[in-house]
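One structure below.
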Amino acid sequence: MTIKTPDDFTDRWRQPPNFELDVSFDYLFVPAVDVLDNIRKDEEVRFTILGDDDWQVRMDRTAAFRTAPIEEIVTWPFRLVHFNLNRFYGDLLSGFQEEVMIPWRTHLSARGFTWQRLAPILFLSTAGASSTYHNDNSHGLVWQVHGIKTFHSYLDPGKHLSPEAAVVGETTAEEPPEHEAADRQSITMRPGDHLWSHALTPHWVTTESALAMSVTLSHGGLCHQGRFSERELALRAYWDKNPGEAWTHDLRNVRY
Ligand SMILES: [Fe+2]
């Protein structure tokens, strides 16, 4: 197991922009197409069929997604997410807990970090598929496993969306709004690449290969020596005013 984070990680995680991380886990995934073939049949999977075909084609594909031949599925534009991966720790993701989650938690813990929730989320998509434009409440360690994706965000997210607006989810749209190309940070990720995605910052992801798979380790309520990141203070302030909603963080309504 090799886990390294830059010496300045404990400073850099506090504010945007996102940055690439030199981390490597020993874990070897089964081929992405096999992950897809297994995970598409799970009752907790969420997927969206995309593409310019008429709605009837998308409806038919949606109905057939779990049962159609896998060779056919991979030719359809879609995005898929699963955020309850511990269902697979015994088989499809055997060893993931021991070789990824525990070493990463140990690494963070030894550097003075604490958190409320740290769980992996799996994303699969095909050529032509993009994520929505959205922000997450959590910090993400994005790990590109198979294929190529480009992760787009803003160099200065505060110029585009205040943390307060991010907290109430003013972002979500299918496409990003008009913006200057120079404001954007677009990082192309190949297998083995890692990126730190800052909480409450708008982003969107495009698929640049036939099939792409990534895993995000999602960190809710991350603190370093008792301090949250700066943008996360807006979330805490919101929960102070709306304490009844704080628990809904646990629902993990991941936008993708
Ligand atoms: Fe996201």
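Residue numbers (our numbering): -8 to 247. C-beta atoms are modelled at their ideal positions from N, C-alpha and C, and glycine is treated no differently. Owing to the predicted nature of the structure, the values given are computational and were not obtained by experimental measurement.
Asked, Found
"Closer than 7 Å: His73 CB and nearest ligand 1 heavy atom", "no"
"Residue list, Cβ distance to ligand 1 heavy atoms smaller than 6 Å", "His125, Asp127, His194"
"Closest residue to His240 among Leu19, His130, Pro167, Asn9 (Cα-Cα distance)", "His130"
"Terminal residues of the alpha helix (DSSP H) in which Glu62 lies", "61 to 64"
"DSSP state of Pro111 mapped onto helix, strand, coil", "strand"
"Cβ neighbour criterion (16 or more within 10 Å) applied to Pro168", "exposed"
"Rounded C-alpha distance that separates Phe87 from His143", "27 Å"
"Rounded straight-line distance, which links the Cα of Gln135 to that of Ala54", "29 Å"
"Alpha carbon of Glu166 to alpha carbon of Asn75, nearest angstrom", "26 Å"
"Minimum C-alpha distance to Tyr18 - residue among Pro7, Leu115, Glu90", "Glu90"
"Arg218, DSSP secondary structure in three states", "strand"
"Beta-carbon separation (whole angstroms), Phe114 vs Ser205, contact threshold 8 Å", "5 Å"
"Beta-bridge pairing of Lys140 - partner residues as DSSP gives them", "Met180, Thr198"
"Every unbroken alpha helix (DSSP H) within the stretch -2 to 49, with a cutoff of 4 residues, ordered by chain", "0 to 3, 23 to 30"
"Rounded Cβ spacing between Leu213 and Leu132 (contact assumed at less than 8 Å)", "Not a contact, Cβ separation roughly 10 Å."
"6 Å CB neighbourhood of Tyr229 in its chain, flanking five on each side removed", "Val158"
"Spatial neighbours of Arg96 in its chain, beta-carbon cut-off 8 Å, leaving aside the 5 residues before and after", "Leu109"
"Three-state class that DSSP yields for Trp134 in the structure shown", "strand"
"Counted within 10 angstroms of its Cβ, other Cβ atoms place Glu223 as buried (16 or more) or exposed", "buried"
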